[in-house]
Amino acid sequence: MEFGTYGSYYDVPEGVDIRGRYDAEFAKILTKDALKFVAELQREFRNHIKYALERRREAKRRYNEGALPGFDPATRYIREQEWVCAPVPPAAADRKVEITGPVERKMIINALNSGAKVFMADFEDALSPSWENVMRGQVNLKDAVDGTISFHDKVRNRVYKLSDDTAKLFVRPRGWHLPEAHIFIMVNLQPVALEAKIWNSVFEKAENVAGIERGSIRATVLIETLPAVFQMNEILYELKEHSVGLNCGRWDYIFSYVKTFQAHPDRLLPDRVQVGMTQHFMKSYSDLLIRTCHRRGVHAMGGMAAQIPIKEDPVANELALELVRKDKLREVNAGHDGTWAAHPALIPACMEVFNNKMGNAPNQIHTNKREDAENITEQDLLQVPRGSRTMEGLRLNTRVGIQYVAAWLSGSGSVPLYNLMEDAATAEISRVQNWQWLKYGVEVNGDEVGVKVNREVFGRVVEEEMARIEKEVGREKFRKGMYKEACKIFTRQCTSPTLDDFLTLDAYNYIVLHHPKESSKL
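This is the structure we're talking about:
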């Protein structure tokens, strides 16, 4: 038994220790049976996951030594054979517009009521994973599934409830790279291979424990790392019975391009605002994903529209909406079956574009095979994007990165900045691009022609952008916020001799809060 606040406790199975704060609502999620199931998963698959993560590190070492990602000759037979995944369940056939966002109570209600086909509740990039946020999110999802979720906004004196017609609920779990620091499980260990194969085994185990039919659990895999684009057939093959497609996780994909080529000075990106889906390597990625998914009988989902309403400027708001429409028109014409939006206000525009092209058809899986994309090569997928590197790009990276980390430390993982909804992925692009520009002394244009980025230049930029942030948010909010702590973390990671794999690994230590056992109350 694990004791928490005021002598209350979590009823835990042997070998499990909970060090997060006790809450009666949390205890309804962390039941003894649920914890036993999680402990079984951890004990059975932990060593497989350790092996998979070591393979990631080994791949990073190869890339840093000059190797390039590519299609694996050993799995050519999977790519060349004709096979399909299990049929898409009717309930998930129509995914034209999906809204994504954090697992806050009001957000969940608004997203489910938004008119989107699917709400993907995000425990990954859109969440600052404090114990309170993770557990409140689980409570909120349980209430949403039960249909009992409501929220009283005391400021507006308004009660939010679910409507009769709601979006389907999907859940995005946290990645394996960030272990949970508040629950400890005693384990004995042992190695396997592909990460998709491990997930498939986890799904099979969960179906067996729950007593549900094989294939009841379905997953969409985000292709958000550069090496993964060369393994899309293999990923779907391993998840054949449990797949409902792949998604273009484009912001993380750009982050991965920089991280993969961190030791390749000939592959530096231009300013991040110039790296869009019309760049050849990004278009190739999208086209090959569509071809792969439709050949294998599953959804090919488009990327995130991160714009948010600009209420105070109708003209700017309409221009932003027009950008969204153009992006979604590109996606649906390319063959995507659906897309993502970050804000409910974008859903009508996105839905209109997809409905105009697709009519009553739920998807394009069988009508747009994109056989022309079969000829996409490794060179297409690795082509260096064109564009310029500017001082304003360095400044924007710094400003966005610091403000995102400050919000994350304060408990928010999804942050509106400069009319865009920023999450961990865009903050990661800011961080790794700054690091790479510093490492190679990149020449940028802007304040002065031909300025080389070094520690002195970066230090001046950080100082000036901190002053700008204070001016923009106001002195009082700046003083009460975590901006100075965020500045230290972001600056340290940008100037580190070696590139940290993830921004959040370091920052996570700042939000872990252990509650000691109260053994005297046993």
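Here the sequence shown is numbered in full-length UniProt numbering, starting from 1 and rising by one per residue.
Idealized CB from N, CA, C, for every residue including glycine.
**Study point:** Given 8 Å, three or more beta-carbon pairs between the region 468 to 487 and the region 400 to 418
**Key:** Output reads yes: the region 400 to 418 touches the region 468 to 487.
Check your understanding: Which residue comes first and which comes last in the beta strand (DSSP E) that contains H280?
Key -> Here H280 belongs to no beta strand (DSSP E); instead the alpha helix (DSSP H) covers H280 to R295.
Practice item. Assign R395 to one of three DSSP states: helix, strand, or coil. Key: Per DSSP, reduced to three states, the secondary structure at R395 is helical.
Check your understanding: Is the distance from the Cβ of I290 to the Cβ of R389 below 8 Å?
Key -> Taking 8 Å as the cut-off, the beta carbon of I290 is found no closer than this to the beta carbon of R389.
Exercise for review: Have a look at K480 and H299 and give me their C-alpha separation to the nearest angstrom.
Suggested key: Using only the alpha carbons, I get a separation of about 45 Å.
**Study point:** Cutoff 7 Å; reference G245; Cβ partners in own chain excluding five residues on either side
**Key:** Same-chain partners within the cutoff: T220, C293, V298, H299, A300 and M301.
Point to revise | Residue nearest to V461 in terms of C-alpha spacing, selected from R475, N434 and K439 | key: Measuring from the Cα of V461, the nearest candidate turns out to be N434.
Point to revise | Inter-residue Cα distance where the pair is M109 and A144 | key: With the sequence shown as reference, residue 109 is identified as Ile, and Met is not the correct amino acid for it. Near 8 Å, if we compare the C-alpha coordinates of A144 and I109.
Point to revise | Contact belief for V229 with Y285 at Cβ below 8 Å, rounded distance in angstroms | key: Cβ-Cβ separation between V229 and Y285: approximately 5 Å, consistent with a contact (criterion under 8 Å).
Practice item. Quickly, what does DSSP pair D153 with across the bridge? List them, please. Key: R158, per the DSSP bridge assignment.
Check your understanding: If you check the beta carbons only, do Q138 and I217 fall under 8 Å apart?
Key -> Taking 8 Å as the Cβ cut-off, Q138 and I217 do not qualify as a contacting pair.
**Study point:** V258 versus C494: straight-line alpha-carbon distance, rounded
**Key:** The straight-line gap from Cα to Cα measures roughly 13 Å.
Check your understanding: In whole angstroms, what separates the C-alpha of A318 from that of A341?
Key -> Sequence check: residue 318 is Glu here, not Ala. Going from the Cα of E318 to the Cα of A341 covers about 16 Å.
Exercise for review: Keeping to the same chain, check which residues put their C-beta closer than 7 Å to that of D501; ignore five residues upstream and five downstream.
Suggested key: Taken in chain order, the residues that qualify are H177.
Review point. Considering only C-alpha positions, which residue in the set E82, H336, A126 and W437 is nearest to H343?
Key: Comparing Cα positions, the closest option is A126.
Review point. Quick check: the region 422 to 438 against the region 250 to 264, are there 3 or more CB pairs under 8 Å?
Key: Judged by pairs of C-beta atoms under 8 Å, the region 422 to 438 touches the region 250 to 264, as three or more such pairs exist.
**Study point:** Nonlocal neighbours in the same chain, by C-beta distance under 7 Å from L189, ignoring five residues either side
**Key:** Model confidence at L189 stands at a pLDDT of 36, short of 50, so the residue's coordinates are unreliable and nothing is read from them.
Check your understanding: Taking the runs of the alpha helix (DSSP H) that are 4 residues or longer, which of them lie wholly in the region 337 to 400?
Key -> Listed in chain order, the complete alpha helix (DSSP H) runs (minimum 4 residues) inside the region 337 to 400 are 347 to 358 and 378 to 382.
**Study point:** Candidates V384, E204 and F261, of which the one nearest P227 by Cα
**Key:** Selection V384, E204 and F261 evaluated against P227 yields F261 as nearest (Cα-Cα).
Check your understanding: Which whole-angstrom value describes the C-beta separation of A507 and L409, a residue pair presumed to lie in contact below a C-beta threshold of 8 Å?
Key -> Sure, about 6 Å apart at Cβ, within 8 Å.
**Study point:** Residue(s) in a DSSP beta bridge with P168
**Key:** Just to set this straight, residue 168 is Lys in the shown sequence, not Pro. BP columns for K168 point to V118.
Check your understanding: From D313 to N64, what does the alpha carbon distance come to, in whole angstroms?
Key -> Rounded to the nearest whole angstrom, the CA to CA distance from D313 to N64 is 46 Å.
Exercise for review: My understanding is that M277 touches R250, with C-beta atoms under 8 Å, so please give their C-beta distance in whole angstroms.
Suggested key: 7 Å between Cβ atoms; contact.
Check your understanding: Helix or strand or just coil, what does DSSP make of G303?
Key -> Here G303 sits in strand by DSSP.
Check your understanding: Which residue spans inside the UniProt domain "Malate synthase C-terminal" (389 to 510) form an unbroken alpha helix (DSSP H) run of at least 4?
Key -> Qualifying alpha helix (DSSP H) stretches, in chain order: 391 to 409, 424 to 439, 455 to 473, 475 to 480, 483 to 495 and 503 to 508.
Review point. In chain order, what residues of the same chain have a beta carbon less than 7 Å from the beta carbon of V353, not counting five sequence neighbours either side?
Key: Counting only Cβ-Cβ distances below 7 Å, and skipping sequence neighbours, we find R325, K328, L329 and V332.
Review point. What separation, rounded to the nearest whole angstrom, lies between the Cα atoms of G446 and G393?
Key: C-alpha separation (whole angstroms): 9 Å.
Check your understanding: Where do the N-terminal and C-terminal ends of the beta strand (DSSP E) with E98 fall, by residue?
Key -> Residues V97 to G101.
Review point. Should L268 be counted as a contact of the ligand SAH given a C-beta to heavy atom distance under 7 Å?
Key: Absence of the ligand SAH is noted for the structure shown, with no ligands found whatsoever.
Exercise for review: Answer yes or no: do G338 and K117 have a C-beta to C-beta separation smaller than 8 Å?
Suggested key: Here G338 is near K117, since their CB atoms are less than 8 Å apart.
Review point. Using the C-alpha atoms, what's the distance from Y9 back to S520?
Key: Caution is warranted here: a pLDDT of 36 is assigned to S520, below 50, making its placement in the model unreliable, and the coordinate value is therefore given only provisionally. A direct Cα-Cα distance of roughly 13 Å separates S520 from Y9.
Point to revise | Backbone CA spacing between P13 and A206 [nearest angstrom] | key: Near 18 Å, if we compare the C-alpha coordinates of A206 and P13.
Review point. For E195, is the classification buried or exposed, using 16 other Cβ atoms within 10 angstroms of its Cβ as the cut-off for buried?
Key: A residue is called buried when at least 16 other Cβ atoms come within 10 angstroms of its Cβ; E195 meets this threshold and is buried.
Exercise for review: Classify M466 as buried or exposed, calling it buried when 16 or more other Cβ atoms lie within 10 Å of its own Cβ.
Suggested key: With 16 or more other CB atoms across the displayed protein chains lying within 10 angstroms of its CB, M466 is buried.
Exercise for review: Reducing DSSP to helix, strand and coil, say where R19 ends up.
Suggested key: Collapsing the DSSP output to three states places R19 in coil.
Review point. Taking the alpha carbon of R214 as the point to measure from, which residue in L222, E224 and N200 has its own alpha carbon closest?
Key: The candidate whose alpha carbon is nearest that of R214 is N200.
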